[in-house]
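Below is one structure; the comments refer to it alone.
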Amino acid sequence: MREEQAREEQDGFRTGCECIDQTFTLRQLLDHRHTFQIPTIIVFLDIRATFSFVDGTALWDYLLRNGLPEKHVSLLQDLHRRTSGQVRAYGHLSLSFCCIQWTSTKLQYINSSP
Numbered sequence: 483m484r485e486e487q488a489r490e491e492q493d494g495f496r497t498g499c500e501c502i503d504q505t506f507t508l509r510q511l512l513d514h515r516h517t518f519q520i521p522t523i524i525v526f527l528d529i530r531a532t533f534s535f536v537d538g539t540a541l542w543d544y545l546l547r548n549g550l551p552e553k554h555v556s557l558l559q560d561l562h563r564r565t566s567g568q569v570r571a572y573g574h575l576s577l578s579f580c581c582i583q584w585t586s587t588k589l590q591y592i593n594s595s596p
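With the working numbering applied, the sequence shown corresponds to residues 483 to 596, in that order.
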């Protein structure tokens, strides 16, 4: 039943689908854009639909109660504590910019442009 309710863009949470499929497709498009001389205007990945409703404390507690080693939970917490990104365009790498950060139980999205 949950499978039927999941939206198509939630592939990482659906049986038989993984986020790696979407990442692979995006990477292929970017790799071939020069071959076919097609300019890339915008690349957009939105994780708000997935994580905006998640209570961080409840998630970590759930993972620990269900057998995920504390070391792995700690790594996940570090990953979500503050996430940043960079953009590579025309052979140049942008300065690092903050994307999301989890403060106590709230995931915050930071709107900033490189």
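Think of the CB as a built atom: it goes at the ideal place given N, C-alpha and C, for glycine as much as any other residue.
DSSP places G573 in the coil class of the three-state scheme, outside both helix and strand. According to DSSP, residue pairing for G567 in a beta bridge involves F579. Non-local C-beta neighbours of Q559 in its own chain, meaning closer than 7 angstroms and more than five positions away in sequence, comprise W542, ordered along the chain. Secondary structure of H516 (DSSP, three-state): coil.
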